Amino acid sequence: MKRTILIAEDNRQLSDTMKAYLERAGHDVVQAFDGKAVLNAAKKKLPDLVLLDIMMPILDGFQVCPALRVMGNFPIIVVSAREMEEDKLRMFELGADDYMTKPFSFKEMVGRVAAQLRRFYELNRVEESVRQHGALRIDSERYEVTVGGVPIALTAKEFKMLDVLTRNANRIFDKQKLIDAVWGTEEYIDENTVAVTVARLREKLKKHEINNVVTVWGFGYKWQD
1 MKRTILIAED
11 NRQLSDTMKA
21 YLERAGHDVV
31 QAFDGKAVLN
41 AAKKKLPDLV
51 LLDIMMPILD
61 GFQVCPALRV
71 MGNFPIIVVS
81 AREMEEDKLR
91 MFELGADDYM
101 TKPFSFKEMV
111 GRVAAQLRRF
121 YELNRVEESV
131 RQHGALRIDS
141 ERYEVTVGGV
151 PIALTAKEFK
161 MLDVLTRNAN
171 RIFDKQKLID
181 AVWGTEEYID
191 ENTVAVTVAR
201 LREKLKKHEI
211 NNVVTVWGFG
221 YKWQD
């Protein structure tokens, strides 16, 4: 599956080479060349994975990493010339998932990206057709939602949105990602349709005291477990 990779690297030549290898592997790539631009790019469209340099202008990786982690729990791979153990440990404490030291093999980079994406989005994905979130029970095969045994009547899109959000609990989805997941990519859906569908879903859940669909202002929506 094609994923969006954000490269946070101030060396433009290195960034372009990384981009070429990742695009060859089938990914969409967004580039940012300073810390502020990284956060702006992530806010505009949440990436599926970030390759993060430490030594960047304006905001460095030590500042950017925790800010990215607040936005979502997507994988973050640090790519840095800093080899000190304390730097690596600090980045892991700030939320990084992996650490590569420059210079590095671009083929290894692609492999590590694939491994992080596979582990996060596939191996950790909940596949059971029947899932329980407190009193809320979702049966993905029968398209049934109940709270304490009481059925909730949802439209097909409302059910799909609830299914996507609960399968990826605590992960933030921007409106475009929800459009892709719920409506697909074949038809044009404006972002207002997402907001309306979320509002209807919330209203139906609220009647049963379920308030887990939350707005992360400026970023999107998530199911908060």
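Under UniProt numbering, the residues of the sequence shown are numbered 1 to 225, in order.
Backbone N, C-alpha and C define an ideal beta-carbon position, used for all residues, glycine too.
Computed from a predicted model, the values in this text were never measured in an experiment.
Using DSSP bridges, identify the partner residues of residue i.
| i | result |
| --- | --- |
| D98 | I77 |
| D139 | V130, E144 |
| P151 | T146 |
| W223 | V213 |
| F173 | Y221 |
Closest to residue i by C-alpha separation, out of the options, would be which residue?
| i | options | result |
| --- | --- | --- |
| A135 | V64, N40, D225 | D225 |
| R119 | D97, S105, I5, I172 | D97 |
| M161 | S140, P151, I77 | S140 |
| E93 | R69, A42, R142 | R69 |
| Y121 | F33, H133, N168 | N168 |
| F62 | R90, R202, A115, H208 | R90 |
In whole angstroms, what separates the C-alpha of residue i from that of residue j?
| i | j | result |
| --- | --- | --- |
| D87 | M100 | 12 Å |
| E108 | V196 | 43 Å |
| T17 | I7 | 11 Å |
| R12 | I5 | 16 Å |
| L178 | L165 | 9 Å |
| A156 | Y143 | 8 Å |
| E85 | S105 | 20 Å |
Write down the C-beta distance between residue i and residue j rounded to the nearest angstrom, noting that I regard them as a contact closer than 8 Å.
| i | j | result |
| --- | --- | --- |
| I58 | G72 | Not really, about 22 Å apart at Cβ, beyond 8 Å. |
| D28 | M56 | About 21 Å separates the two Cβ atoms, so there is no contact after all. |
| L39 | V64 | 6 Å |
| G184 | K43 | Not really, about 25 Å apart at Cβ, beyond 8 Å. |
| K204 | I152 | 6 Å |
| G220 | I172 | 5 Å |
Worksheet item: Which whole runs of the alpha helix (DSSP H) in the segment 3–81 are 4 residues long or more, in chain order?
Response: 12–24, 35–44, 61–71
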